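Only one structure is covered here, and it is reproduced in the block below.
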Amino acid sequence: MRVLISAGEASGENYGALLLTVLRRILGNDTEFFGVGGERMRAAGCEIVVDSKTIAVVGITEVIKHIPRIYREFFRMVSAARGQRPDVAVLIDFPDFNLRLAEKRHEMGVPVVYFVSPQLWAWKKRRIRRVQRYVDRMLVIFTFEESYYRERGVKAEYVGHPLADLPLPQGRREELSRKFGVDISKHWIALLPGSRQKEVLLNLPMMLAAAARLGSAYEFLLPVASTLSRDWMKMQVERSSTPIHLVDDSRVALLHARASIVASGTATVEAALMGNPFVVVYQLSKLSYEIGQRFVKLKNYTMVNLIAGREIVPELIQDRFTAENVASEIQKLVPESSERENMMAELKEVRERLHLSSLTPQETAIMRAAAGIDGVLAARM
Numbered sequence: 365m366r367v368l369i370s371a372g373e374a375s376g377e378n379y380g381a382l383l384l385t386v387l388r389r390i391l392g393n394d395t396e397f398f399g400v401g402g403e404r405m406r407a408a409g410c411e412i413v414v415d416s417k418t419i420a421v422v423g424i425t426e427v428i429k430h431i432p433r434i435y436r437e438f439f440r441m442v443s444a445a446r447g448q449r450p451d452v453a454v455l456i457d458f459p460d461f462n463l464r465l466a467e468k469r470h471e472m473g474v475p476v477v478y479f480v481s482p483q484l485w486a487w488k489k490r491r492i493r494r495v496q497r498y499v500d501r502m503l504v505i506f507t508f509e510e511s512y513y514r515e516r517g518v519k520a521e522y523v524g525h526p527l528a529d530l531p532l533p534q535g536r537r538e539e540l541s542r543k544f545g546v547d548i549s550k551h552w553i554a555l556l557p558g559s560r561q562k563e564v565l566l567n568l569p570m571m572l573a574a575a576a577r578l579g580s581a582y583e584f585l586l587p588v589a590s591t592l593s594r595d596w597m598k599m600q601v602e603r604s605s606t607p608i609h610l611v612d613d614s615r616v617a618l619l620h621a622r623a624s625i626v627a628s629g630t631a632t633v634e635a636a637l638m639g640n641p642f643v644v645v646y647q648l649s650k651l652s653y654e655i656g657q658r659f660v661k662l663k664n665y666t667m668v669n670l671i672a673g674r675e676i677v678p679e680l681i682q683d684r685f686t687a688e689n690v691a692s693e694i695q696k697l698v699p700e701s702s703e704r705e706n707m708m709a710e711l712k713e714v715r716e717r718l719h720l721s722s723l724t725p726q727e728t729a730i731m732r733a734a735a736g737i738d739g740v741l742a743a744r745m
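To convert, count from 1 in the sequence shown and add 364; that's this note's numbering.
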């Protein structure tokens, strides 16, 4: 049995590694896995044909600049798939790359399972046609996505959110303090600028400026995503006027931080699940943002606010993303204040909605996703 898995970002790569482990248990130890991913998937036993670091680009104009490299890696993956002839293709998020890969696999007669839906309900809605044509099963992680796809003729199954199944991290604050030299007597602020280099380059400078404005009364923790080099991240913070502590695990940092500054994306769901008050930020190139505005028709961008159905976490996007605005919002959340209490109560409601996603307590979202993939394989056989 051969399984192609393609995950182009840190969160998807983490899901891919977990999924690979469960699939091997279901399909047998002799199952071969190959595809797009990073170190976690490689450690789980996947042959990495394309390293996700080489194709993880954010922004419309930024993607255009890197089209030759992305297409080169894309056709390397297509060629490998033709040679190895997978029994099923499992595509995780990363729609610009993976929907094209779905088309190629469909042409080869390989069943395609898509895990973690592209946010077609938010923008680029025309891509639903590709899903209808080339995806055999859509495994979604939010309840409203199942009805969205089924109403459009796509076989969709709600499996729950993988992050909601994870237990709280075990690392103690004192251990983190000793390991990374963080002053335990101060309030800690976590900085999560994104998992791709371009995201970091766009988001981190303003985060560092906000840290400088907040001053030495705080300690700042910066988790290094698996898709990024620690040495490269060290270079990004070495000129900061405020000490920044590079740490290993975003969930541990969020658990022990008093508040956080989080780039819009999966990390906002992590912060909500950790019960950590935070402010959402994001920066794109001016042209990418202007183009994107024509397609995105949502009042809120952040998944946590979309789940809540209202803005419970402040969104400082593009021009509103300034050091002054970020520092002002963080200063409201650090002390015991009504702003902090209200946000924590509303984040609790979001957590409860995500935890209610468990269809049966004995199964995780990853286990249900693996069972869905096994069902597609069984139907093909």
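Even glycine gets a Cβ: it sits at the ideal position worked out from N, Cα and C.
These numbers were taken from a predicted model, which means no experiment stands behind them.
ask   = Since GLU377 and MET405 are thought to touch, with beta carbons under 8 Å apart, how far apart are those beta carbons, to the nearest angstrom?
value = One-based indexing of the sequence shown puts residue 377 at position 13. One-based indexing of the sequence shown puts residue 405 at position 41. Contact holds; Cβ gap of about 6 Å.
Closest Cα partner of ALA691 within the set ILE625, THR728, LEU670, ILE730 = Position 327 of the sequence shown, counting from 1, holds the residue named residue 691. The residue among ILE625, THR728, LEU670, ILE730 with its C-alpha nearest the C-alpha of ALA691 is ILE625.
task = Report the residue ranges of all beta strand (DSSP E) runs contained in full by the stretch 569–606; include only those spanning at least 3 residues, in chain order.
result = Secondary structure remark: continuous beta strand (DSSP E) runs of at least 3 residues inside the stretch 569–606, in chain order: 582–587.
query = Do the stretch 681–697 and the stretch 519–535 touch if we need at least three Cβ pairs shorter than 8 Å?
reply = Here the stretch 681–697 does not lie against the stretch 519–535, with fewer than 3 beta-carbon pairs under 8 Å apart.
key: C-beta contact flag for THR591 and SER559 at 8 Å   = Mapped onto the sequence shown, residue 591 falls at position 227. Mapped onto the sequence shown, residue 559 falls at position 195. One thing to note: THR591 has its Cβ within 8 Å of the Cβ of SER559.
query = Where does the unbroken beta strand (DSSP E) through HIS609 begin, and where does it stop?
reply = Here residue 609 corresponds to residue number 245 of the sequence shown, with the count starting at 1. Where HIS609 is concerned, the enclosing beta strand (DSSP E) stretches over 608–611.
Distance between PRO450 and MET365 (C-alpha atoms, nearest Å) = The residue labelled residue 365 in the question sits at position 1 within the sequence shown. The residue labelled residue 450 in the question sits at position 86 within the sequence shown. Just so you know, the alpha carbons of MET365 and PRO450 end up roughly 7 Å apart.
query = By Cβ distance, which residues of its chain are closer than 7 Å to MET757, with the 5 residues on each side in sequence left out?
reply = A question about residue 757 goes unanswered here, because the residues of the chain that appear run from 365 up to 745.
ask   = On the three-state DSSP scale, how would you describe MET502?
value = For the purposes of this step, residue 502 is taken as the residue at position 138 of the sequence shown. Note: MET502 maps to strand in three-state DSSP.
ask   = With C-beta atoms as the reference, is VAL645 less than 8 Å away from LEU680?
value = For the purposes of this step, residue 645 is identified with residue 281 of the sequence shown, where counting begins at 1. For the purposes of this step, residue 680 is identified with residue 316 of the sequence shown, where counting begins at 1. Result yes, Cβ atoms of VAL645 and LEU680 sit closer than 8 Å.
request  = Out of GLU539, PRO641, VAL476, state which residue places its alpha-carbon closest to the alpha-carbon of MET782.
outcome  = Nothing in the structure corresponds to residue 782, since the chain is present only between 365 and 745.
key: Under the three-state DSSP convention, the category ALA401 falls into   = Taking the sequence shown and counting its residues from 1, one reaches residue 401 at position 37. The sequence shown places Gly at residue 401, not Ala. Note: GLY401 maps to strand in three-state DSSP.
message = Taking 8 Å as the limit between beta carbons, can you name the residues of its chain near ASP613, skipping five residues before and five after?
response = Position 249 of the sequence shown holds residue 613. These residues qualify, in order along the chain: PRO533, GLY535, PRO587.
request  = Taking ASP415 as part of the beta strand (DSSP E), name the residues at either end of that continuous run.
outcome  = For the purposes of this step, residue 415 is taken as the residue at position 51 of the sequence shown. That run of the beta strand (DSSP E) goes 410–415.
query = What three-state label does DSSP hand SER370 in the structure shown?
reply = As a working note, residue 370 is residue 6 in the sequence shown. It is a strand residue.
query = Does DSSP put ALA735 in a helix, a strand or coil?
reply = Sequence index remark: in the sequence shown, residue 735 carries index 371 (1-based). Reduced to three states, the DSSP call for ALA735 is helix.
key: Spatial distance of LEU648 from ALA743 (CA atoms)   = The residue given as residue 648 occupies position 284 in the sequence shown. The residue given as residue 743 occupies position 379 in the sequence shown. Their Cα atoms are separated by approximately 43 Å.
inquiry  = In the DSSP output, which residue or residues are listed as bridge partners for ALA520?
reply    = For the purposes of this step, residue 520 is taken as residue 156 along the sequence shown, with counting starting at 1. Partner(s): MET502.
query = Are the beta-carbon atoms belonging to SER375 and THR630 less than 8 Å from one another?
reply = Sequence index remark: in the sequence shown, residue 375 carries index 11 (1-based). Sequence index remark: in the sequence shown, residue 630 carries index 266 (1-based). Yes, the Cβ-Cβ distance between SER375 and THR630 is below 8 Å.
query = Should ARG501 be labelled buried (16 or more other beta-carbon atoms within 10 Å of its own) or exposed?
reply = Looking up residue 501 in the sequence shown gives position 137. With 16 or more other Cβ atoms within 10 Å, it is buried.
query = In its own chain, which residues sit with a C-beta less than 6 Å from the C-beta of ASP457, not counting the 5 before and 5 after it?
reply = On the sequence shown, residue 457 is found 93 positions in, with the first residue counted as 1. Excluding sequence neighbours, ASP457 sits near GLY376, VAL480.
key: Distance between PHE584 and GLN600 (C-alpha atoms, nearest Å)   = What you label residue 600 is simply residue 236 of the sequence shown in a count that begins at 1. What you label residue 584 is simply residue 220 of the sequence shown in a count that begins at 1. Each residue's CA atom was taken as its position, placing GLN600 and PHE584 some 14 Å apart.
request  = Could you tell me the boundaries of the alpha helix (DSSP H) in which LEU463 lies?
outcome  = Reading the sequence shown from its first residue, position 99 is the one you call residue 463. Going by DSSP, LEU463 is part of the alpha helix (DSSP H) stretching over 459–471.
ask   = So which of ALA621, LYS712, SER701 has the shortest CA-CA distance to ALA672?
value = Sequence index remark: in the sequence shown, residue 672 carries index 308 (1-based). Selection ALA621, LYS712, SER701 evaluated against ALA672 yields LYS712 as nearest (Cα-Cα).
ask   = For LEU718 versus HIS525, is the C-beta spacing smaller than 8 Å?
value = Position 354 of the sequence shown holds residue 718. Position 161 of the sequence shown holds residue 525. When the beta-carbon positions are compared, LEU718 and HIS525 come within less than 8 Å of each other.
message = Give me, in chain order, the residues of the same chain whose beta-carbon lies closer than 7 Å to that of ALA408; leave out the 5 immediate sequence neighbours on both sides.
response = Looking up residue 408 in the sequence shown gives position 44. Beyond the five residues adjoining it in sequence on each side, ALA408 comes within less than 7 Å, by CB distance, of ALA381, LEU384, THR385 in the same chain, given in chain order.
query = Less than 8 Å separating the beta-carbons of ALA627 and THR606?
reply = The count along the sequence shown starts at 1 and reaches residue 627 at position 263. The count along the sequence shown starts at 1 and reaches residue 606 at position 242. Going by C-beta atoms, ALA627 is not nearer than 8 Å to THR606.
ask   = What is the rounded straight-line gap between the Cα of VAL452 and the Cα of ILE431?
value = For the purposes of this step, residue 452 is taken as residue 88 along the sequence shown, with counting starting at 1. For the purposes of this step, residue 431 is taken as residue 67 along the sequence shown, with counting starting at 1. In a straight line, the C-alpha of VAL452 is about 27 Å away from that of ILE431.
Distance, GLY401 Cα to ILE424 Cα = As a working mapping, residue 424 is identified with position 60 in the sequence shown. As a working mapping, residue 401 is identified with position 37 in the sequence shown. Any reading at ILE424 needs caution, since the residue's pLDDT is 48, under 50, leaving its predicted position unreliable; the model's value is listed next. Near 22 Å, if we compare the C-alpha coordinates of GLY401 and ILE424.
ask   = Do ASN689 and VAL677 have their C-beta atoms within less than 8 Å of each other?
value = Walking along the sequence shown from the start, residue 689 turns up at place 325. Walking along the sequence shown from the start, residue 677 turns up at place 313. Not closer than 8 Å, so no.
Buried versus exposed, by CB contacts within 10 Å (16 or more), VAL740 = As a working mapping, residue 740 is identified with position 376 in the sequence shown. When all chains shown are included, VAL740 counts as buried.
inquiry  = For a minimum of 4 consecutive residues, which ranges assigned as the alpha helix (DSSP H) are wholly contained in the stretch 621–645?
reply    = Runs of the alpha helix (DSSP H) inside the stretch 621–645: 630–638.
inquiry  = Beta-carbon within less than 6 Å of GLU705's beta-carbon, same chain only, minus the 5 sequence neighbours each way: which residues are those?
reply    = For the purposes of this step, residue 705 is taken as the residue at position 341 of the sequence shown. Counting only Cβ-Cβ distances below 6 Å, and skipping sequence neighbours, we find nothing.
task = Under the assumption that ARG497 contacts ILE553 (Cβ atoms under 8 Å), give the Cβ distance between them as a whole number of angstroms.
result = Position 133 of the sequence shown holds residue 497. Position 189 of the sequence shown holds residue 553. No, ARG497 and ILE553 are not in contact; Cβ-Cβ is about 46 Å, not under 8 Å.
inquiry  = Using a 10 Å radius around the Cβ and a threshold of 16 neighbouring Cβ atoms, would you call ALA635 buried or exposed?
reply    = One-based indexing of the sequence shown puts residue 635 at position 271. Around the beta carbon of ALA635, a 10 Å sphere encloses 16 or more other beta carbons of the protein chains shown; the residue is thus reported as buried.
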